[in-house]
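One structure is given here, and the rest of the page talks about it.
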Amino acid sequence: MPNKEKSILQPKNDVVFKALFSRGKPRITQAMLEAILKMKIDKLELDKSTDLLNENADDKNGRLDLRAIINGNTECDIEVQLVSNDNITERFLYYWAKMYAANLKIGDKYSDLRKTISIIILDDDFKLTKNLERPQTTWRIRESEATHLVLTDYFEIIIIEIPKVVKAYKKTPNDEVLQWMLFLDNPEKEEVTRIMEENKDIKEAKEELERISQDDILRRKALNRTLEIADRLQLKKEAEEQGLSDKDGYAKLRNPLKTQVRNLLMQEDLANQEGDFQQNCIEQLHIWENEADPKTPYIGIAIWWLKKQIHLLNAD
Numbered sequence: 121m122p123n124k125e126k127s128i129l130q131p132k133n134d135v136v137f138k139a140l141f142s143r144g145k146p147r148i149t150q151a152m153l154e155a156i157l158k159m160k161i162d163k164l165e166l167d168k169s170t171d172l173l174n175e176n177a178d179d180k181n182g183r184l185d186l187r188a189i190i191n192g193n194t195e196c197d198i199e200v201q202l203v204s205n206d207n208i209t210e211r212f213l214y215y216w217a218k219m220y221a222a223n224l225k226i227g228d229k230y231s232d233l234r235k236t237i238s239i240i241i242l243d244d245d246f247k248l249t250k251n252l253e254r255p256q257t258t259w260r261i262r263e264s265e266a267t268h269l270v271l272t273d274y275f276e277i278i279i280i281e282i283p284k285v286v287k288a289y290k291k292t293p294n295d296e297v298l299q300w301m302l303f304l305d306n307p308e309k310e311e312v313t314r315i316m317e318e319n320k321d322i323k324e325a326k327e328e329l330e331r332i333s334q335d336d337i338l339r340r341k342a343l344n345r346t347l348e349i350a351d352r353l354q355l356k357k358e359a360e361e362q363g364l365s366d367k368d369g370y371a372k373l374r375n376p377l378k379t380q381v382r383n384l385l386m387q388e389d390l391a392n393q394e395g396d397f398q399q400n401c402i403e404q405l406h407i408w409e410n411e412a413d414p415k416t417p418y419i420g421i422a423i424w425w426l427k428k429q430i431h432l433l434n435a436d
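Numbering (the working numbering), first residue to last: 121 to 436.
This is the structure we're talking about:
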């Protein structure tokens, strides 16, 4: 009996995004970048070592989702940010600066520096542009009064807000950037199916996504990433409710259950136990639903994860 085909993964999950665009077919990545940058790309080199800028092992934002060299003279990276925060602008600028500085090695001249473009795909509201309807904004350094004067074309940050895409697409359905963003937001939308009839690159991307979605290891990594984000949001919410800053909240809300739950979320605890994995999930779910205080930090998210895990096991 053939194995049942697994459900398609969400490409805006940064783990899936990297697998699709950084390690998948280069033509797919080239087509999306050409749409965003509005330029012809003759040569595209994808950098597989996208962890080079990461100095903090716990900070996902130190890892680039996609890094490329365009036409031999332009550095470009794409970040997928699922959640915004108060310091997100400073974070964008900081990682652009690290990318730019990474171009210069010891002994190199300043003339060896290259134009560096950071593209941020944000699946959340961006406070600075809340009054703008257009999803894509491009940021450069300009003179404050003579705004036509650009200090350098080596600096460029592009921000694309997914929440604004649907409304914009209704006005300009032939915009390829909006088509790509609809695909990233939900590749199973009926509108994306219609787009694929005309946009063969997105059709190829969907086919590649369906292929990699059958990879069990990638599915686990994608789920873990979803849980990491939910974990941080849960802690932030609880910290705010107790009047704590994020930093203080993370320290005070962690408790003796943290190790057990975190191990569970990373699939170490149950996977290492003897017996059936699904049965272990069901038994642990029963214990936590009936014996644990649901207000205890991490318990709510752990119960949610177990239900999701059991659902995936049944679906597979």
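Where is the CB? At the ideal position from N, CA and C, for every residue including glycine.
Kindly list the residues whose CB is nearer than 8 Å to the CB of residue i, restricted to its own chain and excluding five residues on each side of it in sequence; keep chain order.
i	result
residue 223	195, 232, 233, 234, 236
residue 338	129, 135, 136, 139, 332
residue 288	253, 254, 255, 295, 298
Buried or exposed, going by whether 16 or more other CB atoms sit within 10 Å of the CB of residue i?
i	result
residue 149	buried
residue 333	buried
residue 217	exposed
residue 264	exposed
residue 226	exposed
residue 155	buried
residue 193	exposed
residue 312	buried
residue 251	exposed
residue 395	In this predicted model, residue 395 has a pLDDT of only 49, less than 50, meaning its place in the structure is not dependable; the value taken from the coordinates is given anyway. Answer is exposed; the Cβ neighbour count stays below 16.
residue 238	buried
residue 142	buried
residue 215	buried
residue 314	exposed
residue 266	exposed
residue 188	buried
residue 342	buried
Since residue i is in the beta strand (DSSP E), which residue starts that stretch and which ends it?
i	result
residue 187	186 to 190
residue 235	235 to 242
residue 128	Per DSSP, residue 128 belongs to no beta strand (DSSP E) and is neither H nor E.
residue 245	From DSSP, residue 245 is part of no beta strand (DSSP E); its letter is neither H nor E.
residue 335	Element bounds for residue 335: n/a, residue is neither H nor E.
residue 165	164 to 167
Locate the alpha helix (DSSP H) running through residue i, then write down its first and last residues.
i	result
residue 323	320 to 332
residue 209	208 to 221
residue 280	That residue, residue 280, is in no alpha helix (DSSP H); its beta strand (DSSP E) goes 275 to 281.
residue 140	134 to 141
Taking 8 Å as the threshold (C-beta atoms), are residue j and residue i in contact?
i	j	result
residue 300	residue 278	no
residue 280	residue 307	no
residue 244	residue 203	yes
residue 191	residue 162	yes
residue 327	residue 144	no
Less than 8 Å between the CB atoms is what I'm expecting for residue i and residue j, so what's the real figure, rounded?
i	j	result
residue 248	residue 282	The pair is not a contact, with the Cβ atoms about 16 Å apart (cut-off 8 Å).
residue 246	residue 131	The Cβ separation is near 20 Å, so there is no contact.
residue 260	residue 275	6 Å
If you drop the 5 nearest sequence neighbours on each side, which residues of the same chain put their C-beta closer than 7 Å to that of residue i?
i	result
residue 151	321
residue 160	154
residue 146	164, 166
residue 209	248
residue 273	235
residue 348	none
residue 345	133, 134, 135
Here's a check: name, in chain order, each residue in its chain whose Cβ is nearer than 6 Å to the Cβ of residue i, leaving out the five neighbours to either side.
i	result
residue 185	134, 137, 138, 198, 199, 200
residue 284	255
residue 325	148
Please indicate yes or no: does the CB of residue i lie closer than 7 Å to some heavy atom of the ligand NAD?
i	result
residue 152	For the structure depicted, the ligand NAD is absent and the ligand set is empty, with no information on it obtainable.
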